[in-house]
Each structure stands twice: as C-alpha cells, then as structure tokens.
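Student:
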Amino acid sequence: MAKYINNVFLALLVAGAAWGAVPLAGDPFWISEDADYATGGVCWDVDGDGWLDFLMGNGNDMERNRDAVYFNHRGDIETAASWRSGDEGYDGHIAVGDIDGDGDLDLVVTGFLDPHVEQLYRNNGGRFSASPVWTCNDADDSFSCALGDVDNDGDLDLATCSGYFEPAAVKVFRNRDGALERVASWRTPIPYNANDVAWCDVDNDGDLDLAIAGHGDSCYLFENEGGTINPTPVWRSTATAEYNQLTFGDVDGDGWRDLAVSDNSRGRVELYMNHGGVLDADFVWSVAKSRAAPVKFGDVDDDGDEDLAAGGWWSFLSVYENRGGGLAATPSWEFYPESGALVCEQIVWADMDNDGLRFETDKFDGDGARKLFYLGHRPVHYFNNVKVNGRTLGPKEFCFQPEDGWVSLAHAPAEGRASVEVSYVRSADLDLGVTNWDKPTGSYFFQNDGGPSLRLAEFRAEAREGYIAVRWAIISPVEGCNLYRREAGLVGAPITALNTGLLPGRAGSGYDDRDVLAGRPYDYWLEAMTETEPRTFGPVRGTAGRPGSFTLAQNYPNPAAETTTIEFAVASSTTASLGLFDVAGRRVGTPFEGNVAAGNQRVIVNVGALTPGVYIYRLKLGSGDVGARKMVVMR
Numbered sequence: 157m158a159k160y161i162n163n164v165f166l167a168l169l170v171a172g173a174a175w176g177a178v179p180l181a182g183d184p185f186w187i188s189e190d191a192d193y194a195t196g197g198v199c200w201d202v203d204g205d206g207w208l209d210f211l212m213g214n215g216n217d218m219e220r221n222r223d224a225v226y227f228n229h230r231g232d233i234e235t236a237a238s239w240r241s242g243d244e245g246y247d248g249h250i251a252v253g254d255i256d257g258d259g260d261l262d263l264v265v266t267g268f269l270d271p272h273v274e275q276l277y278r279n280n281g282g283r284f285s286a287s288p289v290w291t292c293n294d295a296d297d298s299f300s301c302a303l304g305d306v307d308n309d310g311d312l313d314l315a316t317c318s319g320y321f322e323p324a325a326v327k328v329f330r331n332r333d334g335a336l337e338r339v340a341s342w343r344t345p346i347p348y349n350a351n352d353v354a355w356c357d358v359d360n361d362g363d364l365d366l367a368i369a370g371h372g373d374s375c376y377l378f379e380n381e382g383g384t385i386n387p388t389p390v391w392r393s394t395a396t397a398e399y400n401q402l403t404f405g406d407v408d409g410d411g412w413r414d415l416a417v418s419d420n421s422r423g424r425v426e427l428y429m430n431h432g433g434v435l436d437a438d439f440v441w442s443v444a445k446s447r448a449a450p451v452k453f454g455d456v457d458d459d460g461d462e463d464l465a466a467g468g469w470w471s472f473l474s475v476y477e478n479r480g481g482g483l484a485a486t487p488s489w490e491f492y493p494e495s496g497a498l499v500c501e502q503i504v505w506a507d508m509d510n511d512g513l514r515f516e517t518d519k520f521d522g523d524g525a526r527k528l529f530y531l532g533h534r535p536v537h538y539f540n541n542v543k544v545n546g547r548t549l550g551p552k553e554f555c556f557q558p559e560d561g562w563v564s565l566a567h568a569p570a571e572g573r574a575s576v577e578v579s580y581v582r583s584a585d586l587d588l589g590v591t592n593w594d595k596p597t598g599s600y601f602f603q604n605d606g607g608p609s610l611r612l613a614e615f616r617a618e619a620r621e622g623y624i625a626v627r628w629a630i631i632s633p634v635e636g637c638n639l640y641r642r643e644a645g646l647v648g649a650p651i652t653a654l655n656t657g658l659l660p661g662r663a664g665s666g667y668d669d670r671d672v673l674a675g676r677p678y679d680y681w682l683e684a685m686t687e688t689e690p691r692t693f694g695p696v697r698g699t700a701g702r703p704g705s706f707t708l709a710q711n712y713p714n715p716a717a718e719t720t721t722i723e724f725a726v727a728s729s730t731t732a733s734l735g736l737f738d739v740a741g742r743r744v745g746t747p748f749e750g751n752v753a754a755g756n757q758r759v760i761v762n763v764g765a766l767t768p769g770v771y772i773y774r775l776k777l778g779s780g781d782v783g784a785r786k787m788v789v790m791r
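If you read the sequence shown in this note's numbering, its first letter stands for residue 157, the second for the next number, and so on.
What follows is the structure, encoded as structure tokens:
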C-alpha cells in the first residue's frame, strides 16, 4: 500500500481543550482497485443485508466507463465492483431513491457527453438492472442530479443541470405514477452552465427549493411556491466563479439551513448564512484550497452539529470542525497521498462497519398543510417506516431522501390530532468516503475511530426446531439490551423490536424467537444500553428449523388499515382454515381455506371494510392443531 501524508491538525490547540480531534483514521481502510474515472458516489444498502454498499457513477468527461456497485459483505467492502452497468458512458453524478414506489431504492445516473442522457436503473430485489429502464429524451449535457418531491405528492422527481461544457436549461422531470417523464415538464427559460444542483427547503415553508452552483457564473436559488418552481431565481451570490459543488446544513443551529459551495477558480470553499429564509448574498466564511471540488456536511464527531468535509483536485481532503455554531478556520483533519494521485469528485458520509448505529423515532404534529418533515439526524442508514395516527404508510404514500434526511408525505396529516412518527436507523460513527478520478489510483474510505467502546464476546443466531435461538454476551457493563429483527432478503422490510423490557447483556443472555417461519432467514441487531449512549451490534443472520407441527406469525403491518399479510408454516401437507373474529368471538371473515403443502404460506387479508378495533385471527389445521393471534385495525 502506498504511503500517505496525513495531518490531524492540532489547530485544535488554538481552540484549547474544549474541542476534540476529528475521530477519522489517518490512512484509508478501503481503496478500490478498478481503473475508473470515479465521479458520482452514494452509499445505500442495495441488497438488503444490513450493510451499506458504495455506488459510483464513472467516466466524467474523460472516457466511457461502466457504473459500479461495491457490495459490503459484513464490513468487508469488495475492492472490485461485482455489479457493473451493461452500458458505458461519460457518466457524472448519481442519486438513489424509490422512483417506482416498491420500497427499494433505484439508481439515477447523469450523462455528461454523448449520449447526453439521464438514466434510471431499477432495483430488482437487491440488484440493479444491467440496462437502464428509463432514459430521458433531452439531448443536453447532464452532469449533476438530485431527487426531491417538488410537487408534494409523495413521490420523487428528478432535477438535473448541465455541467461546464455546454450551457443548458436546469430541468425537472416529474414522477408520473411511479415513472419519470421522458421530457422535462419544468425548465429554466434561459440556459445555465451549472456543475451541481440540490433540493433544500431554504425558507422552511414546507416545500423544496432548488439551488445550482454556476460554472463561470453565480450560484442561484429558485423558490418553490406551493409545488411550482419560480423560473426566475429568488437569490444569487454576489461573486461569480467556477463553482463546483454545493451542500446545505444548519451550521449555527438556528433551524435555517446554510449553504456551502466550492469555488474551483479561486481555490476556496465559501459559506453563505441563512437568516430567516434568506441567504446572504456574500459569504461570511471561506477557506483556501488548491482547486476546491466536493463539499458535504456531516456530524463526524456526533456532537449535534454538522462539520464540513471538502475535497479538491490534486489537493487535500479536509474536515473543518463545527465549533459551537461556527466552522474552524483551519482543517481539523486532512489527507493527501504521497503519490499526489487524489482528484476528489464526491464526498460521502456513511457508517460502513455498522459500529455506530442508533435506532431513532422522530415525532411531528400535523397542521393540515405540511407534508415535508426533516429528521433530527442524517444521513439515514436504514429507513424503517412512517406512521400517521398509528397507521403504517405504504411505500406509495411517501418518499424520502437518505442523504438529506427528509420525508415527504402524499397527504398532509390533519391539524391538531395527527401524530407523525418516522422510524429509522442512523449512525453516531460516520466514516468518510471520497470518489477519485485520478486513474489508476482508486477511491477511498476512512474509518471513524470514535464512539463508545464496548466489548462484545459473542452474538449469534442459531437454528432450532421451529424457532431461532439468539445468544449474546457483553463483557463491558451495560444496563440491558434491546433486540431487533428484520426478515432477510426483502429489501425495505421493516425492523421490529422483539422485547418490551430490557434484556440482560451478561454472558449466556439470549432470546428464543418463536415468531418466525421455518426455512426463512432473519437478521438480528443487538442494542446495548449504557449510562451514556447505546451501542448496536449486527446484523447476524439465523434461520429456523422445520417445526414439529406449525408456526403462525404476527401479521404485518400491525396495526393495519387496508391490507395486511398473515404468514404461517406447516411441517407437512394438510388442510388449513384461517378465520378472522372480533373480540366477541363472531367470525367476520375467512381469508383462507383449502389444502396447503409443507412449508411457508402467505395470505394477504383485506381489512379495509372492518370497523377499527382489535380482532383475532385463528389458524386451524386438519390434524386439529390450532393457533391464534391478535391484530389491530385502524384508519
């Protein structure tokens, strides 16, 4: 491995002991070995195994490359990508989001030179399609893209901008019933040379505004007015420059998102503050860099404020610590390879080794109008579910963006009585990744060495007849543990808590999970609760052995509103009857009756016509075996 020049700059000494060092390792723990012009970069769990994968758009303006996914195998990230797009292109930046409303995230890639098109690769059960399932009909260059719900209808629309070769209109391709339109229905009346585009609710009015970073021009903001973007910019920066990339984050903690941009021509990064929904025309903070390129906010030290990472072309990759509402004047951490082969194009914050995961539930009150809700933490490591008044929304009733950390609902919760709960997983131990297009040197990831130190002796899930035995032992003192489960192999499947009270964390602790189906794999996470903060381990995977008779699983979702799924497994072929009863014992339906083969069975039950309340579903087999469970129906 090549040697590296790294300084964890003790400019911290200037600030004194009140500020701690940025907890990033000095050398990368991962380097890709593919010879690509790596440009766009995003991290997401593509295959649903509980570990984030590294997605890249490749080519830039230098040669045709194939786009790539580096899959993460339990913290071991492959260095040669095992998924490659079937087509090659001069591809730029990328974005991920659930375009078709099926619960998994699809991949959008921009086309910089010929063939000049944006492309969409669909996620099919944990693997992207080899060929794009959608391309636009516009022939303009497209270098950067961003997914956002411009019209507040609960699905993701696509914004693009041109790059620096040829000016083109900034465009928005709306999502029409799960498919992006091929010709943009919104575009600026004049063309712009713009290297980056981003969505952000700058004025906090509940809809996403659109910002661009101009090349040889200013930065601009287009205001969203009730679902329609005003094509005339509401704001522009005073300075003009070769701006490369922009990022939004609340630096001073006042609830208004500020703007950081990289100025490639002057070699600096600039910060524009947001005062009550209005951005300053002039920057209030800047730092010098040689050929500044990507910028990205992220809370690397988990102290509740967002720090700023900035890269450059043949320049240092740096992190500027947020110190009580202001960015440090000098880098708190820097990296540059001795070879000088580092041309940063995209920065990614992501927990690649799962050593800082936290289960979060954010709650909001509805006001009858607002549909857009920003979460308390970003990026989102895993998105679990959204509930309104206790009802779990389906994937077509909302959309979200993991990097930006917001949720947009299709319908506004009513004022005064609506409770919105968003359940997700985030990390308190973000690693730092960067794409690098100086061939043949690869892209990098740097490990975050912060977070609590707990010693885990074991954590395993073993097959038993009809159930899974989950066992663990934590050497360090803990108050207790929470155990979470998700059905493996189903991208976007919900994570559920198995315990109501804390479980012990000492040696020999365990939980027998009998609410599983035989032969089906499940993933488990263990959350150890300490006096200061939790620490999460996993996932580990287990599969139940064949039952002696049968198993009947809890319905999901539960509570249910329109439809719910009931699963059961039988050891041998038999007849089965699944009945639905109210609490008085009256039969209100028979979702299934007939012959079943040995193995797992799945029944989808329509409960939309039932009165809200508690019901019992009861499984009776030909052998006389009977099982029953409760379900809740809500509106």
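Where a beta carbon is used, it is the ideal one built from N, C-alpha and C, also for glycine.
Treat the numbers as computed from the prediction; the structure is a model and nothing was measured.
Would you grab the beta carbon distance between VAL328 and ASP313 for me? Rounded to a whole angstrom, and I think it's under 8 Å.
Tutor: 6 Å
Student: Measure the alpha-carbon distance for GLU689 versus PHE491 and round it to whole angstroms.
Tutor: 30 Å
Student: Measuring only the C-alpha atoms, how far is PRO715 from PHE556?
Tutor: Near 22 Å, if we compare the C-alpha coordinates of PHE556 and PRO715.
Student: Quick test of your reading: ASN756 and THR731, contact by CB under 8 Å. State the CB separation rounded to the nearest angstrom.
Tutor: About 17 Å separates the beta carbon of ASN756 from that of THR731, a gap too long to meet the 8 Å contact definition.
Student: Quick check on DSSP: helix, strand or coil for LYS452?
Tutor: strand
Student: In or out: THR746 buried (at least 16 other Cβ within 10 Å) or exposed?
Tutor: exposed
Student: Does the pairing of the stretch 539-552 with the stretch 453-464 give three or more beta-carbon distances under 8 Å?
Tutor: no
Student: What does a CB cutoff of less than 8 Å around ARG662 pick up in its chain, not counting 5 residues either side in sequence?
Tutor: ALA629 and ILE630
Student: What is the rounded straight-line gap between the Cα of VAL440 and the Cα of LEU483?
Tutor: 11 Å
Student: Between the alpha carbons of GLY780 and ALA644, how many angstroms are there, rounded?
Tutor: 31 Å
Student: In whole angstroms, give me the CA-to-CA distance for ASP457 and ALA584.
Tutor: 8 Å
Student: Is TRP342 near the ligand PLP, judged by its Cβ being under 7 Å from some heavy atom?
Tutor: With respect to the ligand PLP, the structure offers nothing, as it holds no ligand at all.
Student: Which full runs of the alpha helix (DSSP H) of 4+ residues lie inside the stretch 659-703, going along the chain?
Tutor: none
Student: With ARG413 and LYS445 assumed to form a contact (beta carbons below 8 Å), what rounded beta-carbon distance in angstroms separates them?
Tutor: Contact doesn't hold; Cβ gap of about 23 Å is too wide.
Student: Rounded to the nearest angstrom, how far is the Cβ of GLY197 from that of THR591, given a contact under 8 Å?
Tutor: With 8 Å as the limit, GLY197 and THR591 qualify as a contact, their Cβ atoms being about 4 Å apart.
Student: Does the stretch 430-439 touch the stretch 487-502, meaning 3 or more C-beta pairs lie closer than 8 Å?
Tutor: no
Student: Kindly indicate which three-state DSSP category GLU244 falls into: helix, strand or coil?
Tutor: coil
Student: Alpha carbons only, please: which of ASP361, PRO184 and ARG676 is nearest the one belonging to VAL434?
Tutor: The residue with the shortest Cα to Cα distance from VAL434 is ASP361.
Student: Have a look at GLY257 and TYR226 and give me their C-alpha separation to the nearest angstrom.
Tutor: 24 Å
Student: Rank THR291, PHE268 and ASP410 by C-alpha distance to the C-alpha of ASN351 and give the top, closest one.
Tutor: Of the listed residues, the one whose Cα sits closest to ASN351 is PHE268.
Student: When burial is assigned at 16 or more other CB atoms within 10 Å of the CB, is GLU718 buried or exposed?
Tutor: Flag for GLU718 reads exposed.
Student: Is it buried or exposed, ASN762, if we count other Cβ atoms within 10 angstroms and call 16 or more buried?
Tutor: exposed
Student: For GLU337, which residues in the same chain have their Cβ closer than 6 Å to its Cβ, ignoring the five residues on either side in sequence?
Tutor: PHE329 and ARG330
Student: Spatial neighbours of THR396 within its chain, please: CB distance less than 6 Å, with the 5 preceding and 5 following residues excluded, ordered by chain position.
Tutor: Closer than 6 Å at Cβ, skipping near neighbours: ASP373 and SER374.
Student: Quick one, which of LEU775, LEU586 and ARG526 has its alpha-carbon nearest THR707's?
Tutor: LEU775
Student: I want to see whether chain C comes within less than 8 Å of ALA525, judged by CB atoms only; does it?
Tutor: Judged by its chain identifiers, the structure shown contains no chain C, having just a single protein chain.
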